[in-house]
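Trainee: Just passing along the structure, written as structure tokens.
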Amino acid sequence: MAIVIILGIPLLLAVGAFFVKGERLFGIINCLGYFVALCASIILFKEIVFAGHIGVFSNFIYLDLLSVVFIVVISVVAFAAALYSITYIRKDIEQKTISGRKARFYYLLSNLFCFFMFLVPSMNNLGMLWVAIEMTTLVSAFLVGFYNSKESVEAAWKYIIICSVGIIFALLGTILFSYAFSISGLSKSLNWSDMTPVAHILDKNILKIAFIFILVGYGTKAGLAPMHTWLPDAHSQAVAPISALLSGVLLKTAIYAILRFGIIIIKSGEFAYFTHLMILFGSISLVISSGFILVQKDLKRLLAYSSIEHIGIISIGFGLGSPLAIAGATLHVFNHAVTKSLMFFGAGNIVSFYKKHNMNAIKGVIKVLPFTGIMVLLGCFALTGFPPFSIFISEIMIITAAFSNGSYFIAGLLLIILSVIFGSFIYHFSKILFGNLPKGASTQGEPLSGKLAFLFLFFLICGLGVVLIFKYKDLLWLAQRLLQG
Amino acid sequence: MQGIILFALLVSTYLMVIAKRMPALIRSFRYQSLLLFLVTLLAAFNEKQVELYLISGMIILVKVFLIPYFLNFTAKKIKLDENLGLFVNSQLSLLLALIFTYCSWVLSVNLGFGQLSLLSVAVSVAFSVILIGAFLMISRMKAFTQVVGILVMENGIFLLASSISGGMPFFAEIAIFFDVFISVVIMGIFVFRINKLFTHIDVNKLSRLKG
Amino acid sequence: MLYFLPQKLFLFDSLSLFFLVVILIVSLPSLVYSFGYLKGDYSAAKIFLAQVLLLAFVLFMALIVSVRNCLIFLVFWEIMSLVSYFLVIFDTKHARSIQAGLIYIVMTHIGTAFIIAAFMILHNHAHSFDFFAIKNACLAMPSQTKNIVFLLFLIGFGTKAGIVPLHIWLPYAHPQAPSHISSIMSGVMIKTAIYGIIRFVMFILGVNSSWWGVLILILAVITCLVGIIYALMERDIKRLLAYSSVENIGIILLGVGLSMFFISLNLPYLAVFSLIAGLYHLVNHAIFKGLLFLCAGSVYKATGTRDIEKLGGLIKKMPQTSAYFLLGAMAISALPPLNGFVSEWLTLQAFFLGAFNVIGGSKLFLGICAAMLALTSGLAAACFVKAFGVTFLAKPKSHYAESAKEVALSMRIGMLILAVLIVIFGLAAALIIKLLAKVSGSALSIDISNMSFCLNNFTLFPQMAKNVYLSTPLLALWLIILGITGFAIYRIFGRGKLTIYKTWDCGYYKLDSRNEYTATAFSKPFRIAFSFFLLPYRKTQKIRESFYHIKSFTYETRTTKIFKKYIYDPVLAMVLKAAMFMRRIQPGSIHLYLGYIFITLLLLLIFMRQF
Amino acid sequence: MMIILQIILLIITAPLLSGLITKIKNNLRMRKGQSVLQPYYNLAKLFFKDEVISETASWIFRVTPFVVLSSTLVVGILIPVFIFTSPVHQMGDFLVIVFIFALGRFFLALSALDTGSSFGGMGASREMFISSLVEPALCMVIFAVSLQFGSTDISAFSSMHVISVSSVVAALALFLITIAETSRIPVDNQETHLELTMVHEAMVLEYSGRSLALIEMASYIKQMILFFLIAQLIFPIGLPVGNFAQILPWVLWYLIRIGIIAVLVALVEVSVAKMRLFRVADFLGFAFVLGVVATVCAILGV
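Residue numbers (numbering that gives the first Met the number 0), protein chains in the order written: chain A, 0 to 484; chain B, 0 to 210; chain C, 0 to 610; chain D, 0 to 301.
Pasting the structure below:
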């Protein structure tokens, strides 16, 4: 019943946000709740690894390995975000940027947001999956427009419109899938647990067309270029913890959705089709994002584009489809979620101190905020795939897989683009991190809970990097089962 | 019978394409929803399913009354000038709409529906409604048209769903209805906000965030 | 299958041990030196950080040369780059060190990308990352693949080693780091790249066609000349040393490339011999370049400037430092009987022996390479005459030099150790060569039991050469004997008293430091002789009061860094241009964005059959 | 024993050569000219004069004369001039000579910079420039020569007794190099003290008295050795096993050969004008090309 806990806690907290006065207190309750959720998700993971899959409420909620992996990722990032929110929101209140009422509003929405994100991987019915994803859009739109400035409202509008349109195409795709299922003379159902086993008898042609709609639709949500356009706006305007959630896990839930349908496509024997499309979009995302990263001026947009790049890597990884690649991609989902959250928290601190997004106006962060500065520096290296941090491992796995699949072009592209992106990252961050104190600024202390969030994530980045080296066999074993459906 | 309704539905969509002003757009959207309601009602008659009756009831409730009412309400509230701001003038839009219809017919054939069967007509109408909805969103300046566009696309999808797979599972349908309604409300709220901050709802002018 | 944690992780064959020794030889004195060097300039916490980083740096270099698994190698390689980056940017207050660090880390990362590619291709054939598994797989590898892998390795490791034109980062990064770090980077770190080339190309991949050696020889010759010519032009002493590191890498690669060439011609003895020469120069360069950087650091510490035009006369103010620097300069200019001389002699000898044993045009090729090496050593001598002369001799040219004091004890000890090593490696050449023979034998997996390189413990005697000997102790002995003889004659027969007086000033009565010959003036003949490559240009600026009376007149002459100007800058500009162009696809119009989605969808539907 | 003799003979005969060249030059210029023994007088005079050392100078300035002299003498005992093989031939081979000369030059240049006079600096700069261009040419010549008998062994070289095209070309190259190394017209001019023209003289400008004498001595010996090498290339006669009986004709034969070279040098000196410093590069480039030609000839075996 771990899943019920996981789904229940955010709802309870959302309700609680109304009644509990004092955002400080509630912040602590909040992060305790998510800590419980985290533990529950890990237990769930254990269960699934042994049981294979779990269905509750007459398979209304149905989990297999893939779903539970995503649940774990979500719970980790949600916990970190909750931890970080305590200080962040308090700082905002002290600086009079938001009122106490608004803080509670924030907690309400963020909890709903988390709830719907938890819902996505646990839904069995593809229609409900769609609904859940659409709801995440609707809820988080408020969090994007939270500060109610011109930019943030514009970003929110673009976010909501573009994602809704994309998602409508996804709905179309879903319907086509169900059509393909219904004409195959089986009982009417939208459960992937029913579809996957019989995928081979479905009409390939319809499936292919349907998958295009799915890919474009959920791809929009996942931020695959060229449908990524909403992403930098939304991420750069959202509240910092929410930016972390958006780019850390929201994109991944969309990826999850794509994979759900992808598995059906693979099962129906159209593996090459799936591979080509995924790799195509992955490569486009890589190239485009690298260009934007190179000449970016806005700190948070820079991170947003790097999310696009990593989504590209992930989809290439899943596209390659060999166990190694899938293991790599799955790992990358986790690693990127963790690392990117770290970076967004750092960016949040920096921005809230300098009151600017423009990187030309930010100097000497390491002197002003030593802790954040060092964390961001290390995170920057972690994000660009330096050992001993975990992203290096997942990237090397994907590259190895690409080479051993013989797709040298993709591998070469990966290597080149990664180097370019690395270069531009170091360029931007060495500009903002080092250098002398800006006039009138003094070294700032940082409260504990903020530091804890950083350390928790950083521990995961480093720890995983090391631990996985030892656990690679289990990893591959899981990866082989991952896309079994 | 059903064929005629479908044809009328297509026509109502074309009416939207040539609509230059807000009320006209909303009115023709209302027609479209009504026709959609008729289609589902027919399906309900044929298939003798309770859910379908319920669903058609919801259509007439949500799409024919609630949403257009809400849209009109907001439109009055922010008393915008009623022009939609066309990128593409209505004649050309109509031409494009026809082309879209043709494309969707080709697509439906590709999908393997029988030539000129009622099903294929329904599917191609549905697709063309979806495409035209998307086209509306792209080719009209005002924020409202984008909301309407999404609704139109949603209608199209609903038509498709009800015509090819006899609708989705019941609760999914309900959820989707609910969802659509929520989204419209939220978009309405944002239209308010935009109007408050920018003193216009001309989304074409919303271009502070670049690159 | 991917082996993340291999069963057998470490490999301590003689090659690894050799490199471990080299690392230690330079690192320990630098460590000693650092205590004195860091004191005073930094806070205690920062000094602690610096020492920790230094130790980590040394540790990871040691790990690099002792692992036996490509992936682990890669991990340590990257971590080493990371640590060294932090050391380069250690003085975060200087914007220049940030930029230097940027150039360094980016270049080295690009290099690593090539290395990764090479490893992956090898992995495809071997299905393992273990060195020996790959070594076995390489026997059956098609030569086309081998060539590709070789080129990848060459670019990848060449970037780290600073082969021209990939040397671009080196003159930025090395001077900016604290001096003991510079000495380690220049002395050891770039040698890890040489280790990579020897280990992966010669030991694992195995040389299969002669153009590999030829290519490396040509590159090496270019590297030597370019490096030393730039060094001649420099007036920042640490940049000068950095460029001369480029040159010395070239000399080392001459040995290595020659060895490859001979392997492909199946001349085992010569292959071993020339690899010995290369390795010998490698360790020598580690020692004397380490020493020189430490001395430069002492000068910087004592005077606060690195511009040799502002120095001078330090030989009286800092006698020990200057003595060490002189020793280092003599060694690097290959003067007998010091170590640099031995290794350069070995390299030349390798060329000559090779020429005697190959046929036809190769003889000429080798001869010309040898001549170029000779030219390099001539230029190096000139360069270090300039460096030592202008920095330490004559009168102080500015207040920086006048206020100089001899540096702290720990620094002097650090330098002393290396200075002693220079002499030892010069005189005990035969013994060392016996050891190096084993190393290169195992590196090339050639049996050296019936090869002899020395007559006895004092005399080198290449077996293949007809009675050619070299005995540095004997040479030193005779030099001293005859020198003393000369001195004796001077004392005994010489009459007349010795007076100290002003330098002859042609009757111009106040001769001061402004009349001295500057470094720029010293290098002028070279600047003109190599103007086709250096493209020198001058800026003159007159400030006139009237037409007749010029108030002030500034004149500066610069040289063009052609690789930066004609290769790197255009490429960078192009990339940025492309990026700026790409940026235009996102002008902020939501309709356009929706259009993208729509168009993508349509295109996919149209071209569906292609997927 | 023999080697001591050789050194002494070198030391004795070296100034004579210089005097000889000067004499020939003067006569060619239709002058009476100084005596052939003039260099000896100069050395003696210098040796007993007082010495002045610049106050700017450091210990480098003082040790330089001994380093220069000893390095030259080491070459002197390394090359078998009158004897078959030097007893210290284990000390090194042909290539070592290049490096040993470099040692002397290095210190000379440093001492020139040491006094802080701009003449010294100029001389040092030019000297290092010329010598660094000499090195490749010299290396090429040695390469060409040693190709003929597959070794860089000196005794083999000095006992060669066949003359080939390659060795003649090599000799020509070596001749040019010698002109540059011994600071003669057209590269340098020993007689002038005009700052624009002098190179070697500028370096030793600050030296006086005994130190100067030692340096002069060293340069005489160096010149002698280089001439001997040329002579050996053009008139190769295998050396007999050295003993006292045969030494006398040997010295004569040796002197004759040297004399001929001296005449050639003198002819060149009077017939060409000194060239600009930067044309020295072309001059030595030509020497290098000759070296290459010699190598090609050697490869072709002619």
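Ideal placement from N, C-alpha and C gives every residue a C-beta, glycine not left out.
What you are looking at is a predicted structure, and each value in this text was computed from that prediction instead of being measured.
1. Among F492(C), F59(C), L469(C), which residue has its Cα nearest to the Cα of I153(D)?
2. To the nearest angstrom, report how far apart I193(B) and I200(B) are at their CA atoms.
3. Whose CA, out of L602(C), L603(C), I596(C), F606(C), lies closest to the CA of I166(A)?
4. Strictly under 9 Å for the Cβ-Cβ distance: is Y2(C) near chain B by that measure?
5. CB-CB under 6 Å to Y255(A), same chain, minus the five flanking residues each way: which ones, in chain order?
6. What's the gap between the Cα of L175(D) and the Cα of A286(D)?
7. Under 9 Å, Cβ to Cβ, is there at least one residue of chain C near N203(B)?
8. Three or more C-beta pairs closer than 8 Å, one from the segment 365-380 of chain C and one from the segment 447-458 of chain C: is that the case here?
9. Mind checking E77(C): buried by the 16 CB within 10 Å criterion, or exposed?
10. Are F105(D) and A380(C) touching if we call contact CB-CB under 9 Å?
11. When the cut-off is 9 Å and only beta carbons count, does W229(A) lie next to chain C?
12. Using DSSP with H/G/I as helix, E/B as strand and the rest coil, what is C505(C)?
13. With the cut-off set at 9 Å, would you say S162(B) and A42(B) are in Cβ contact?
14. By Cβ distance, which residues of its chain are closer than 7 Å to L216(C), with the 5 residues on each side in sequence left out?
15. Does the segment 67-80 of chain D come close enough to the segment 18-33 of chain D to have 3 or more Cβ pairs within less than 8 Å?
16. Report the rounded CA-to-CA distance for T325(C) versus G35(C), giving the unit in angstroms.
17. Using beta-carbon positions only, say whether E215(D) and P86(D) come within less than 9 Å of one another.
18. Using 10 angstroms around the beta-carbon of S545(C), count the other beta-carbons present and answer buried if the total reaches 16, otherwise exposed.
19. Counting only C-beta atoms, is R494(C) closer than 9 Å to chain D at any point?
20. Compute the beta-carbon to beta-carbon distance between C223(C) and I250(C), rounded to the nearest angstrom, for a pair I have assumed lies under 8 Å.
21. Taking the continuous alpha helix (DSSP H) assigned at H122(C), which residues delimit it?
22. Using a Cβ-Cβ cut-off of 9 Å, state whether L83(B) counts as contacting chain A.
23. At least one CB of chain A closer than 9 Å to the CB of G2(B): is that the case?
24. So, is the C-beta of N109(B) closer than 9 Å to a C-beta in chain A?
25. At the level of alpha carbons, what is the spacing between I3(D) and T71(D)?
26. Can you pull the chain A neighbours of Q585(C), defined as C-beta to C-beta under 7 Å?
27. So that I know if they touch, is there some Cβ in chain A lying closer than 9 Å to that of M140(B)?
28. Using beta-carbon positions only, say whether A169(D) and A111(D) come within less than 9 Å of one another.
29. Mapping DSSP to helix, strand and coil, what is D201(B)?
30. Which residues mark the beginning and the end of the beta strand (DSSP E) in which L497(C) is found?
31. Taking A301(C) as the reference, which of L313(C), E308(C), F292(C), L291(C) has the closest Cα?
32. D40(C) by DSSP, collapsed to three states: which one?
33. Would the segment 267-279 of chain C count as touching the segment 340-357 of chain C if we require 3 or more Cβ pairs under 8 Å?
34. For N124(A), does the three-state DSSP call read helix, strand or coil?
35. Kindly list the residues whose CB is nearer than 6 Å to the CB of V163(C), restricted to its own chain and excluding five residues on each side of it in sequence; keep chain order.
36. Specify the secondary structure class of Q90(B) as computed by DSSP and reduced to three states.
Mentor: In this structure, then:
1. When the alpha-carbon of I153(D) is set against those of F492(C), F59(C), L469(C), the nearest one is in L469(C).
2. For I193(B) and I200(B), the distance between alpha carbons rounds to 6 Å.
3. Looking from the CA of I166(A), the closest CA among L602(C), L603(C), I596(C), F606(C) belongs to I596(C).
4. Residue confidence for Y2(C) is low, a pLDDT of 45 falling below 50, so the modelled location carries little weight; the figure read from the coordinates is stated next. For Y2(C), the answer is no, since every Cβ of chain B falls outside 9 Å of its Cβ.
5. Taken in chain order, the residues that qualify are F69, P120.
6. Cα to Cα, the separation comes out at about 6 Å.
7. For N203(B), the closest Cβ of chain C is nearer than 9 Å.
8. No: the two stretches stay apart, fewer than three of their Cβ pairs being nearer than 8 Å.
9. Flag for E77(C) reads buried.
10. Yes, they are a contact pair.
11. Any Cβ of chain C closer than 9 Å to the Cβ of W229(A) would place that residue at the interface, and such an atom is present.
12. C505(C) falls in the coil class under three-state DSSP.
13. Contact: yes.
14. Beyond the five residues adjoining it in sequence on each side, L216(C) comes within less than 7 Å, by CB distance, of L253, G256, L257, F260, C368 in the same chain, given in chain order.
15. In short, these stretches do not touch, since the Cβ pair count stays below three.
16. First, the residue type needs correcting, since residue 325(C) is Leu and not Thr in the sequence shown. Straight across, the Cα-Cα distance linking L325(C) with G35(C) is about 21 Å.
17. Between E215(D) and P86(D), the C-beta gap is not smaller than 9 Å, which leaves the two residues out of contact.
18. Flag for S545(C) reads exposed.
19. Yes, its Cβ sits closer than 9 Å to a Cβ of chain D.
20. Right, the Cβ-Cβ distance comes to about 6 Å (below 8 Å), so this counts as a contact.
21. In the DSSP assignment, H122(C) falls within the unbroken alpha helix (DSSP H) covering 94-125.
22. Not closer than 9 Å to any Cβ of chain A, the Cβ of L83(B) fails to qualify, so no.
23. False, the Cβ-Cβ gap to chain A never drops below 9 Å.
24. Yes, N109(B) counts as interfacial toward chain A.
25. Those two C-alpha atoms are separated by around 15 Å.
26. Per Cβ cutoff of 7 Å: T228.
27. Answer no: the Cβ-Cβ gap between M140(B) and chain A never drops below 9 Å.
28. At least 9 Å separates the beta-carbon of A169(D) from that of A111(D).
29. Per DSSP, reduced to three states, the secondary structure at D201(B) is strand.
30. For L497(C), the enclosing beta strand (DSSP E) stretches over residues 497-500.
31. It is L313(C).
32. Three-state DSSP puts D40(C) in coil, outside helix and strand.
33. Yes, since at least three Cβ pairs between the segment 267-279 of chain C and the segment 340-357 of chain C fall closer than 8 Å, the two stretches touch.
34. Strand at N124(A).
35. Excluding sequence neighbours, V163(C) sits near I221, T222, V225.
36. DSSP places Q90(B) in helix when its eight states are reduced to three.
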